[in-house]
Structures are given as structure tokens and as C-alpha cells.
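This report concerns only the one structure given below.
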Amino acid sequence: MTIRDLARLASAVENGAPEALERIAALPPGEGLIIGITGPPGAGKSSLVDGLTAEFRQRGKTVAIIAVDPTSRVTHGAILGDRIRMQRHHADAGVFIRSMATRGASGGLARTSAALSRLFRAAGFDFIIIETVGVGQDEIEIASLADVTVVVLVPGMGDDVQAIKAGIMEIADIFVINKADRPGAQQTQREIQAMLSLGHGAVVPVILRTVAIDGTGVPELADELQTRQRRLHLQPEQSWKVDHLGIAVRSLDEALPFYETSLGLPVLSRETVEHEKVKVAMLPAGEARVELLEPLDASSTIARFLEKRGPGLHHVAMKVPDLPATVSRLESAGVRLLGKPQRGAGGHLYVFIHPASTGGVLWELIQE
Ligand code: ZN
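The numbering of the sequence shown is the numbering used here, which starts it at 21 and goes up by one.
So this is what it looks like as C-alpha cells:
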């Protein structure tokens, strides 16, 4: 989709053309994160959107911005003043900005914002930011369309936090205390925390502090949003199962009494794997197993592990339904594998992931 097509389709959506809405509904969904940014006038939302956009661009991400002004509570001069800063992004093809300064129309705005954000997501933007100007019912409705809603507050709001809490409580995923260099930031944070402790949501919103005007805290907000974008489209690997935990010991005979007698896990099999120079004892534990590994001689990798790190957890093995597919996904993500998948005992295909990629633990993946 060219920028010109995008602009034309966006205009058609804003004009309520039914065929535009149909076209958008038929587009592939895309993987971008829709971010709603709301909060009272004067909280510095536009500066924050501006800083966030610059930060995402530095990270090579594309950004579409929908600036919504459903009411005329703030003078247009002020809004334009704030949004004038966004001008610097206009020449950047990785940023697409759409302003919806409507004249009192209500209700339809939420629908239009939803359609526009779907359009921008389908067009491949990594982040779609919907920025509203206030915290009225319209704004809350618009912000709640988003995958993630950021509520921007400023220190010293006092009763305002109380006043706006009702609607915001339900939609906020992230609170940003902007202008946090002003006195009272700590107090505002405490007020938000107190408010949250009364709520009963399963997921506790994050509270961050920024000074949007000089960029303080903006990278941390970008990190948080990027994490959420990654998570949004992750399919939980429900088909994976722990197969066994590999534990390096100096001597099977010395280690086994604890496992067999104290834990009550009887040995299912003992074998010597010559080519890996280990003696192995397998102990079933629930649906998984414990694999105790004793080195045959000093050239065994287990012997080297014991020398370096001492006895302990050597590897974690997971059973996966489609090992070749998993391996190619890991490789394209730059994960370090130890060699190619190979056939082990029982003919099972397996591969190891280097601890450098996993946070320090050797991972074994086994074809189910
Ligand atoms: Zn193993």
C-alpha cells in the first residue's frame, strides 16, 4: 500500500464511506501494537507522543499517529502549539500522522479511530498511537480500543487524580507521570498506587516517570511498549512439555539414595552412553524425568562441567511437536544452537541451545 493509497483510504474512513470500512475489514490484520494515550489537558501528551515517535524511529520502528480532538475544551491554538512539534516527523516516511479535529461529532469517533488503527496496522506500522486531548467519556472510549492504554498525569494534580479515577481505573495499562521533575511526583505516584490498591484487576498497571520535553524516561516507556508488542502476537507454546532435567553428579551411587529413598523416585533405567562418555540414570517424576549424569572420564563434557561449575543442573530438556520448524524459527531469530539436530538414544531427534542465548542454562529440545 502506498502512502497515497493509505491517505486516500484514511480520508474515506473519516468520511464514513462504507466501502472503505469493508475494504479495511478484509485486510490482513498486521502485527502492530495499538497504543491509546490519554490524560488531562496540559499533561504533555503531545510531547510524549513526539518523544516516543523519535525513540521508536531510532530503533527502526514505524509509527502511525491518530490525533483525536473530540471536544473543543482546549483551544485549537494550544493543540496546534503542542502538535506543531510533530511537524519534524512529517518528512519521515516511517511516520504517518492523521489529525481528527472534528466539530463536536461524538460516538462515530470511536468507530473511526478503530477503523483507522486497523488500517494502519494492516499497512504494516509497528506502533499505532491514538492520542486524545482529554479524559472525557469519548476519550476513554477511544483509548480503550487500544491494545495498551497509557494514562498521562502530572505532579500536583491532587483531587484531579480522584476525579478522573473512575474511567481510567478500568482502562489504564501504564500510568506515566510526566513532568516528573516537578515537585510532587512522589506524591502523585503514591496517589496512583493507593488508587490501584483499591482495584481488583488481575494485572497491575505499570507506573513510569518521564520528562517528555527532554526525553527523560521515554526509552523506558518505549521498552515497555515494545515488550507488549512482542507479547501481543506470541502463541503460548502449550504443546511443549518438560521432558527431563539433566543433573550432573560426581557419582551416581552417591547421588541415588537421596533421589530414590528420600524423594521416592525409583530408577527406571541405567545405561552407559559411550560416545558421550556418561553413565545415565533415568528417574520418572510425574510426567517428566530426572536424568542423573556421571562422567565416565575426564574428557567427558559432564566432567568439564563439574570442574567448572560443580554438581548441579546441567540442562533442561523440552519435548516439542515439530523440532525442525522450531529450529528454523530459532535460527532465524539469531539463537545460538550447538550444532544441528541429531539422533539420540531411541532414535529421537534432539538439539541443544547454547546457554548464551537462554540466560545461562543449556536447553535441550527433543522431537516428541
Ligand atoms: Zn538430557
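Glycine residues also receive a C-beta, built at the ideal position from the N, C-alpha and C atoms.
Residue i vs residue j beta-carbon contact at 8 Å
{"i": "residue 198", "j": "residue 68", "result": "yes"}
{"i": "residue 299", "j": "residue 272", "result": "yes"}
{"i": "residue 196", "j": "residue 230", "result": "yes"}
{"i": "residue 338", "j": "residue 303", "result": "no"}
{"i": "residue 377", "j": "residue 347", "result": "no"}
{"i": "residue 50", "j": "residue 141", "result": "yes"}
{"i": "residue 65", "j": "residue 151", "result": "yes"}
{"i": "residue 285", "j": "residue 308", "result": "no"}
{"i": "residue 326", "j": "residue 363", "result": "no"}
{"i": "residue 336", "j": "residue 381", "result": "yes"}
{"i": "residue 41", "j": "residue 135", "result": "yes"}
{"i": "residue 374", "j": "residue 358", "result": "yes"}
{"i": "residue 23", "j": "residue 87", "result": "no"}
{"i": "residue 316", "j": "residue 267", "result": "no"}
{"i": "residue 154", "j": "residue 60", "result": "yes"}
{"i": "residue 89", "j": "residue 120", "result": "yes"}
{"i": "residue 319", "j": "residue 297", "result": "yes"}
{"i": "residue 47", "j": "residue 252", "result": "no"}
{"i": "residue 241", "j": "residue 228", "result": "yes"}
{"i": "residue 58", "j": "residue 159", "result": "yes"}
{"i": "residue 44", "j": "residue 131", "result": "no"}
{"i": "residue 244", "j": "residue 322", "result": "no"}
Where the beta strand (DSSP E) containing residue i begins and where it ends
{"i": "residue 262", "result": "261-268"}
{"i": "residue 384", "result": "382-387"}
{"i": "residue 56", "result": "53-58"}
{"i": "residue 369", "result": "369-373"}
{"i": "residue 290", "result": "289-293"}
{"i": "residue 147", "result": "147-152"}
Boundaries (first-last residue) of the alpha helix (DSSP H) holding residue i
{"i": "residue 82", "result": "From DSSP, residue 82 is part of no alpha helix (DSSP H); its letter is neither H nor E."}
{"i": "residue 362", "result": "That residue, residue 362, is in no alpha helix (DSSP H); its beta strand (DSSP E) goes 357-363."}
{"i": "residue 271", "result": "First-last for residue 271: undefined, no H or E at that position."}
{"i": "residue 15", "result": "Outside the displayed range of the chain (21 to 388) lies residue 15, so it cannot be described from this structure."}
{"i": "residue 352", "result": "343-352"}
{"i": "residue 67", "result": "65-78"}
{"i": "residue 112", "result": "Careful: residue 112 lies outside any alpha helix (DSSP H) and carries neither H nor E."}
{"i": "residue 39", "result": "38-45"}
{"i": "residue 157", "result": "157-163"}
{"i": "residue 29", "result": "23-34"}
Cβ neighbours of residue i in the same chain (closer than 6 Å, five flanking residues each side left out)
{"i": "residue 95", "result": "Here residue 95 scores only 46 on pLDDT, less than 50, and its place in the model should not be relied on; the value that follows carries that caveat. Nothing meets the Cβ criterion."}
{"i": "residue 176", "result": "204"}
{"i": "residue 290", "result": "301"}
{"i": "residue 56", "result": "150, 163, 166, 169"}
{"i": "residue 21", "result": "143"}
{"i": "residue 287", "result": "301, 303"}
{"i": "residue 292", "result": "299"}
{"i": "residue 260", "result": "338, 340"}
Close Cβ partners of residue i (< 7 Å) along its chain, the five nearest in sequence each way excluded
{"i": "residue 342", "result": "none"}
{"i": "residue 238", "result": "71, 72, 75, 230, 232"}
{"i": "residue 236", "result": "230"}
{"i": "residue 63", "result": "172, 173, 174, 198"}
{"i": "residue 421", "result": "The requested residue 421 is not part of the displayed model; the chain covers only 21 to 388."}
Beta-carbon proximity list for residue i, same chain, < 8 Å, skipping 5 on both sides
{"i": "residue 115", "result": "73, 77, 82, 83, 84, 85, 109"}
(request) Can you check the stretch 304-336 for any alpha helix (DSSP H) of at least 4 residues that lies completely inside it and give the ranges in chain order? (result) The alpha helix (DSSP H) runs lying completely inside the stretch 304-336 and spanning 4 residues or more are 321-329, given in chain order.
(request) Write down every uninterrupted run of the alpha helix (DSSP H) in the stretch 165-253 whose length is 4 residues or greater and which is fully enclosed by it, in chain order. (result) 179-191, 205-218, 238-252
(request) For the ligand ZN, enumerate in chain order all residues having a CB closer than 6 Å to any of its heavy atoms. (result) 264, 266, 311, 335, 337, 384
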